[in-house]
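In the order they appear, the protein sequences are chains A and B.
Offset between the first sequence (1-based) and the working numbering: plus 1.
Offset between the second sequence (1-based) and the working numbering: plus 588.
Every residue, glycine too, gets a C-beta built ideally from N, C-alpha and C.
To start, the structure itself, in structure tokens.
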Amino acid sequence: MGSSPWPQGTRSRSLKRIWPWLALLGVLGMVRWSKGAGFADGYALLTRPFWPGSAQKQWIQAAQQQDDATRLQLLEVDNARLRGLLSLDRQGGSTAISAAVISRTPEGWWQQIVLGKGVLDGIKQGDAVIGPGGLIGRVQSATPATSLVRLLTAPGSRVGVWVPRTRQHALLVGMGTARPELKFIDKDVKVRPGDLVSTSPASTLLPANLPVAVVQSLNSRAVPAPTALVQLIAPPDAIDWVQVSRR
Amino acid sequence: MARLHSQPICVASGLLVPLISLAAPSWLSLGGVLPSWAVLWLLPWALVDGPVSGVIAGAAMGLVLDGLSVGDASQVPALMLLGWWWGRLGRRGRPIQRSLNLGLLAWIGTMLLGLSLWAQLLVQGVNAPLAQAFALHTCLAQGLMTGLMAPMIGSWQLLIWRRRTPA
């Protein structure tokens, strides 16, 4: 065996000298592999007092809302165009009239509200009346300055509705109680409590896809077809202002 | 003094009925049901002014209230019948003015009015069990409220109107 040109003591001293540099390289390799974790977190921790304040956050949120509103407007225009192609009634989102409730009888023989706007403001018989959250009734008659609205809960009130989840049509029948009855047309009903009830997307009498109620309970044994009790989304006994959607 | 129907101020008092019906003060309701303001006004009117005036007043009041209400059920037949009946009661025997009598007459009248509306709803096809429960609740609550308020309001009206039309 030949002897090494380097003495043993010199090699071990060299390893000891470069060992910290090798460790540093290893750590930096970990930083590279983790995409800067540690560095970025440390930077965030150090610069937290200098982050953008609430004013800038509100600016960003306002911009986000503006973006959402613009997108909604574009979608409504697109939707109206498609509904026009299908020869369906156009949604009246832009033709809604705000009206104050000047008389309210949500219980008793005649369940109705009277609005402080009428024919002079463009309201006609049959217009949909929308409270915060959804449909509450339809205009039964209108004078020059007032409108008489029949609530969905009124006995004898009948409105065609739609359950979006199961894509089934039904008739919402008022019975005087706070919870109207949903009469289905099909016998095979897949509706369950909690399902949303809305106006039909193909409705020509009411604005399409308007929330109306939530299914509370289902009576699948009713004849000739199942029925359900629903809770209205907009309670008429606590509404001071409504929107009238002109047809 | 002239009869009630020929005194404009007495006739004008009938305007209060549709106005109060529209105002619908919720603090006077029982289970959300208000008293029958038409019955409260018509009872003393018919007792003082007789059956013919009672029938006409009942028809007029019913027509106005029907115009202010949604739905197809009418109050006119029941109010005309009550106007005639109370008018005949007022013409016979001693004048009715005791609180119990007024309350009882108002309760019977409101129940008759409620039953007539209930019958009309049945004819219109509103016959689900829940609708029947609603009608019964409304009948009873309205009858009770009207019967309780009649001695207070009715006796006061009788006092004023009888002073204006001495026999």
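- Closer than 9 angstroms to the CB of S221/A there is not a single CB belonging to chain B.
- Here P194/A carries a coil assignment [DSSP, helix/strand/coil].
- Straight across, the Cα-Cα distance linking Q113/A with Q59/A is about 42 angstroms.
- In this structure, the straight-line span from the alpha carbon of T48/A to that of D42/A is close to 10 angstroms.
- Positions of the alpha helix (DSSP H) runs, each at least 4 residues long and wholly inside the region 37 to 121 of chain A, are given as 40 to 48 and 55 to 86 in order along the chain.
- Look at the region 614 to 648 of chain B: the residues with a C-beta under 9 angstroms from a C-beta of chain A are S614, S617, G619, G620, V621 and L622.
- In this structure, G671/B sits away from A707/B, with a CB-CB distance that is not shorter than 9 angstroms.
- In this structure, V160/A and L149/A do not form a Cβ contact; the two beta carbons are roughly 16 angstroms apart against a cut-off of 8 angstroms.
- Exclusion of the five residues before and after L152/A leaves P107, Q112, Q113, I114, I137, G138, S158, G175 and P237 as the residues of its chain whose Cβ lies within less than 8 angstroms of its Cβ.
- Those residues of the region 721 to 736 of chain B placed with their C-beta closer than 8 angstroms to a C-beta in chain A are A721, F722, A723, T726 and Q730, ordered along the chain.
- Listed in chain order, the non-local C-beta contacts of P212/A below 6 angstroms within the same chain comprise G135, S199 and I234, local neighbours out to five positions each way being set aside.
- No Cβ of chain B is located within less than 9 angstroms of the beta carbon of D128/A.
- In the DSSP assignment, the residues bridged to R159/A are V174/A.
- For A143/A, the enclosing beta strand (DSSP E) covers residues G135 to A143.
- Per DSSP, S148/A is not a residue of any alpha helix (DSSP H); the beta strand (DSSP E) it occupies stretches across S148 to L152.
- Cβ contact annotation for G702/B (same chain, cutoff 7 angstroms, sequence separation greater than five): T726, C727, Q730 and G731, in chain order.
- In this structure, the beta-carbon distance from V190/A to Q217/A does not fall below 9 angstroms.
- Taking 9 angstroms as the cut-off, the Cβ atoms of G659/B and P156/A count as close.
- By the Cβ neighbour-count rule, F185/A is buried, with 16 or more other Cβ atoms within 10 Å of its own.
- Just measuring C-alpha positions, the residue of R72/A, R33/A and V231/A sitting nearest V164/A is V231/A.
- In the structure shown, the three-state DSSP call for G697/B is helix.
- For L653/B, the CB contacts under 7 angstroms within the same chain, skipping 5 residues up- and downstream, are P606, S609, A626 and Q663 in chain order.
- Distance from the CA of Q244/A to the CA of A612/B, rounded to the nearest whole angstrom, comes to 22 angstroms.
- Here L631/B really is in contact with L693/B; their C-beta atoms are around 6 angstroms apart, less than 8 angstroms.
- A distance below 7 angstroms between beta-carbons, with the five flanking residues on each side excluded, links V636/B to the following residues of its chain, in chain order: L592, G678, L746, W749, R750 and T753.
- Cβ contact annotation for A38/A (same chain, cutoff 8 angstroms, sequence separation greater than five): V32, in chain order.
- Per DSSP, reduced to three states, the secondary structure at V599/B is helical.
- The contact set of V599/B on chain A, defined by CB atoms closer than 7 angstroms, is empty, because the minimum CB distance reaches about 23 angstroms.
- Between the beta-carbon of S743/B and that of L690/B there is about 6 angstroms, and that keeps the pair under the 8 angstroms contact cut.
- Residue range P717 to R752 is occupied by the alpha helix (DSSP H) that includes P739/B, with no beta strand (DSSP E) assigned at that position.
- Considering only beta carbons, the part of the region 151 to 164 of chain A lying closer than 9 angstroms to chain B consists of R151, L152, A155, P156, G157 and S158, in chain order.
- For S218/A, the three-state secondary structure derived from DSSP is strand.
- Short of 7 angstroms from the beta carbon of G123/A, and not among the five residues preceding or following it, lie these beta carbons of its own chain, in chain order: I98 and R247.
- The CB of G659/B comes closer than 9 angstroms to the CB of W110, W111, Q112, Q113, Q141, R151, A155, P156, G157 and S158 in chain A, given here in chain order.
- Identification of chain B residues near R105/A by a Cβ-Cβ cut-off of 9 angstroms yields A612 and S614, ordered along the chain.
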